[in-house]
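Residue numbers -11 to 394, in my numbering, belong to the letters of the sequence shown in order. Below: the structure, in structure tokens.
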Amino acid sequence: NQGHTVISRVLIANNGIAAVKEIRSVRKWAYETFGDERAIQFTAMATPEDLEANAEYIRMADQFVEVPGGTNNNNYANVDLIVEIAERTNVHAVWAGWGHASENPLLPEKLAASPKKIVFIGPPGSAMRSLGDKISSTIVAQHADVPCIPWSGTGVKEVVIDKDSNLVSVSDAVYAKGCCSDPEDGLVKAKQIGFPVMIKASEGGGGKGIRKVDNETDFITLYKQAANEIPGSPIFIMKLAGDARHLEVQLLADQYGTNISLFGRDCSVQRRHQKIIEEAPVTIAKKETFHEMENAAVRLGKLVGYVSAGTVEYLYSYSEDKFYFLELNPRLQVEHPTTEMVTGVNLPSAQLQIAMGIPMHRIRDIRTLYGLVNVVQFQKVIQLLVVLLLKIQVKVLNLLVVLYMN
-11 NQGHTVISRV
-1 LIANNGIAAV
9 KEIRSVRKWA
19 YETFGDERAI
29 QFTAMATPED
39 LEANAEYIRM
49 ADQFVEVPGG
59 TNNNNYANVD
69 LIVEIAERTN
79 VHAVWAGWGH
89 ASENPLLPEK
99 LAASPKKIVF
109 IGPPGSAMRS
119 LGDKISSTIV
129 AQHADVPCIP
139 WSGTGVKEVV
149 IDKDSNLVSV
159 SDAVYAKGCC
169 SDPEDGLVKA
179 KQIGFPVMIK
189 ASEGGGGKGI
199 RKVDNETDFI
209 TLYKQAANEI
219 PGSPIFIMKL
229 AGDARHLEVQ
239 LLADQYGTNI
249 SLFGRDCSVQ
259 RRHQKIIEEA
269 PVTIAKKETF
279 HEMENAAVRL
289 GKLVGYVSAG
299 TVEYLYSYSE
309 DKFYFLELNP
319 RLQVEHPTTE
329 MVTGVNLPSA
339 QLQIAMGIPM
349 HRIRDIRTLY
359 GLVNVVQFQK
369 VIQLLVVLLL
379 KIQVKVLNLL
389 VVLYMN
């Protein structure tokens, strides 16, 4: 299939449901492709806690390596440990899934620097660095003409593009234009944006480092709360999008610059800024508007040299029919099965094939997905032909009746 790297041994740098999903999805693809679900061998990492729990992914893997317990800095998020295990077990590639080390650019960079040239099944470190920070990623998005909600860095779009490494970066001076230096500076920018606003820590996540502010009176207190939850993180201000929906576009890109959208997901049902329910496809936005969202996501992916699966998140205002960039998650998201259900694309297997160097147009699920569009169009042609033939048949019958009567 025109790939350049054989991958038959994979280290899973994750645990739990992420590891289970990877094994199941790739084995399904391997059986359909090679007639052997064990064509790809999996090595799992297992902490004492996972072993004691008799975790399912350990039983599913072909082999496992014991790693230290405790916090994930000791195991699944420990880049040096992952690289050492990958080299020791002679795997061809590493899959990090979501969470842990999945968004750490050091992992793909150190794997590539290894004497064994181990492949990272995911985006390159340069793309992660371009998009890994909420402030710089919004500046990069503005450079790609992706709509952004009014914020403390509105209009800032200067980036530095390294043609050799494909790294799109933001200089410290430009980065500072999007930040708030202190609570008082933040209040000035909040007044310029207009209340209500959201105070966000760029390194925050999971509902931490974020506060909604309705007026000037509460701003200083809430600013300090957000900053204290993520010590040392830069802070920025965004306009609150009232009655907005949280929509996202599933991006998939190969190593040759082909970026496509696999439709989207609606994750508006949340609790404490954490997603609860994911729906696919997106139905709340107009077809033309969502198509613009997809095009913007593809544009951003091409700008940063994105590879593998990623998700571009937006806020969508139904009343105004406008969308605004939130962030690009440079990894496979936990809710990706909803996209698989509506597209028929096995995303973990697509990631694996892309890591092998297989072009997008040679991936069977992608060919099938695009072929379905042609099938629908062909069916419409057939239906039109049937209608025309019926009309011709009626006219011929009418002519025969007239001739017979005469």
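Cβ coordinates follow ideal geometry from the N, Cα and C atoms, glycine included.
Cut-off 7 Å between Cβ atoms - residues of its own chain near residue i, not counting five sequence neighbours on either side
i, result
"Leu228", "Pro184, Val185, Met186 and Lys200"
"Ile351", "Ala338 and Gln341"
"Pro269", "Phe251, Gly252 and Val330"
"Gly413", "Residue 413 lies beyond the range of the chain shown here (-11 to 394); nothing can be said about it."
"Asp353", "Gly332, Val333, Asn334 and Ala338"
"Val257", "Ile264 and Ile265"
"Ala89", "Ala1, Tyr64, Ala65, Val67, Ile70 and Leu95"
"Asp121", "Ser190"
"Ser153", "Ser114"
Classification of residue i by the beta-carbon crowding that lies within 10 angstroms, buried from 16 upward
i, result
"Asn78", "exposed"
"Ile109", "buried"
"Ala41", "exposed"
"Val148", "exposed"
"Lys177", "buried"
"Val364", "Here the model assigns Val364 a pLDDT of 49, short of 50, so the residue's position is not dependable, and the following value carries that caveat. That one is exposed."
"Ile272", "exposed"
"Thr356", "exposed"
"Ile380", "exposed"
"Ala161", "exposed"
"Phe22", "exposed"
Other residues of its chain near residue i: CB distance less than 6 Å, five sequence neighbours each side excluded
i, result
"Val237", "Ser249, Gly252, Met281, Glu282, Ala285 and Val300"
"Asp242", "Ile342, Pro347 and Met348"
"Glu191", "Ile218 and Ser221"
"Gly(-9)", "Met344, Gly345 and Ile346"
"Asp133", "none"
Residue i versus residue j - alpha carbon distance
i, j, result
"Glu97", "Val374", "58 Å"
"Tyr64", "Val107", "17 Å"
"Ile181", "Gly298", "30 Å"
"Ile5", "Asp254", "22 Å"
"Asp38", "Leu69", "17 Å"
"Lys104", "Leu(-1)", "14 Å"
"Glu172", "Glu204", "11 Å"
"Glu54", "Ala81", "19 Å"
"Leu372", "Leu378", "10 Å"
"Gly85", "Val71", "15 Å"
"Leu376", "Glu276", "32 Å"
"Thr31", "Arg(-3)", "8 Å"
"Asp24", "Val14", "11 Å"
"His279", "Val144", "25 Å"
"Met226", "Tyr358", "38 Å"
"Ser114", "Lys212", "32 Å"
"Asp202", "Ala18", "53 Å"
"Ile(-5)", "His234", "36 Å"
"Tyr304", "Ser169", "29 Å"
"Gly302", "Ile137", "In the sequence as presented, Gly is not what sits at residue 302; that position holds Tyr. Cα to Cα, Tyr302 sits roughly 10 Å from Ile137."
Enclosing beta strand (DSSP E) for residue i [first to last residue]
i, result
"Ser157", "Leu155 to Ser157"
"Met209", "The sequence as given places Thr at residue 209; Met does not occur at that position. It is not in any beta strand (DSSP E) - Thr209 instead sits in the alpha helix (DSSP H) that spans Phe207 to Glu217."
"Val176", "Here Val176 belongs to no beta strand (DSSP E); instead the alpha helix (DSSP H) covers Pro171 to Ile181."
"His88", "Careful: His88 lies outside any beta strand (DSSP E) and carries neither H nor E."
"Tyr304", "Ser296 to Ser305"
"Gly192", "Val185 to Gly193"
"His234", "Ala232 to Ala241"
"Glu267", "Gln262 to Glu267"
"Leu250", "Asn247 to Arg259"
Given residue i as reference, the closest of the options once Cα atoms are compared
i, options, result
"Val67", "Ala49, Met33 and Gln51", "Met33"
"Gly289", "Gly(-9), Leu239 and Asn216", "Leu239"
"Leu210", "Asp231, Gly220 and Gly174", "Gly174"
"Gly293", "Tyr244, Ile354 and Gly230", "Tyr244"
"Trp139", "Pro318, Leu314 and Tyr358", "Leu314"
"Gln51", "Gly57, Gly58 and Ile28", "Ile28"
"Val322", "Cys168, Gly87 and Ser159", "Gly87"
"Lys196", "Arg259, Gly58, Ala100 and Glu20", "Arg259"
"His131", "Asp231, Ser307 and Arg287", "Arg287"
Cutoff 8 Å; reference residue i; Cβ partners in own chain excluding five residues on either side
i, result
"Val8", "Glu44, Tyr45 and Met48"
"Arg117", "Pro93, Leu155 and Ser157"
"Ile198", "Met186, Ile187, Lys188, Ala189, Gly192, Ala214 and His261"
"Ser102", "Val71, Ala74 and Glu75"
"Pro135", "Ala284, Lys310, Phe311, Tyr312 and Phe313"
"Glu91", "Met116, Gly120, Asn317, Pro318 and Arg319"
Host alpha helix (DSSP H) of residue i (start-end)
i, result
"Phe22", "Gly4 to Phe22"
"Asp160", "Asp160 to Lys165"
"Ile73", "Val67 to Arg76"
"Gln339", "Leu335 to Ala343"
"Ser124", "Lys122 to His131"
"Glu146", "Counting along the chain, Glu146 falls outside any alpha helix (DSSP H), and DSSP gives it neither H nor E."
"Ile46", "Glu44 to Met48"
"Asp38", "Pro36 to Glu40"
Short CB-CB distance (under 7 Å) between residue i and chain B
i, result
"Val333", "Looking for chain B here will not work: only one protein chain is present."
Contact test: residue i Cβ vs the ligand ZN heavy atom, cutoff 6 Å
i, result
"Leu373", "Ligands in the displayed structure: none, and consequently the ligand ZN is not present."
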